[in-house]
Amino acid sequence: MNLVYGLITPTVSLLIGVIYAIVLIYSIFIIVKNEKSINALLWLIFALFIPFFGSLIYIARHFLYNKKNNFELNN
1 MNLVYGLITP TVSLLIGVIY AIVLIYSIFI IVKNEKSINA LLWLIFALFI PFFGSLIYIA
61 RHFLYNKKNN FELNN
């Protein structure tokens, strides 16, 4: 039987792990690049201790904030 926990195969588990690692590394890069000291620390803690969702929330916030600022600058 090639199933882990009945539904997820090892290949799917590996794919999920790789996607999580990419999202986490990308969010850490953006946090360190754009945030100031205490905000960076708080976002890093949030991204590391709330797996996947912390990183996704920061990435979404980053892109929405940049889109809003670009829209305001153009108008």
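Numbering (the UniProt record's numbering), first residue to last: 1 to 75.
Note that the Cβ used here is the ideal one computed from N, Cα and C, for glycine as well.
Three-state class that DSSP yields for residue i in the structure shown
i: Ile16; result: helix
Candidates the options: closest to residue i by CA position
i: Ala21; options: Ala60, Asn66 and Leu48; result: Leu48
i: Asn39; options: Gly17, Thr9 and His62; result: His62
i: Phe53; options: Ser37, Leu15, Lys33 and Ser27; result: Ser27
i: Ala60; options: Leu24, Leu14 and Gly17; result: Leu24
Spatial neighbours of residue i in its chain, beta-carbon cut-off 6 angstroms, leaving aside the 5 residues before and after
i: Met1; result: Low per-residue confidence applies at Met1: pLDDT is 49, beneath 50, and the placement is therefore not dependable enough to give any value.
Cutoff 7 angstroms; reference residue i; Cβ partners in own chain excluding five residues on either side
i: Trp43; result: Ile31, Glu35 and Tyr58
Unbroken stretches of the alpha helix (DSSP H), 4 residues or longer, contained in the UniProt domain "Cardiolipin synthase N-terminal" (22-59): Within the UniProt domain "Cardiolipin synthase N-terminal" (22-59), the runs of alpha helix (DSSP H) that reach at least 4 residues and sit entirely inside it are, in chain order, 37-49.
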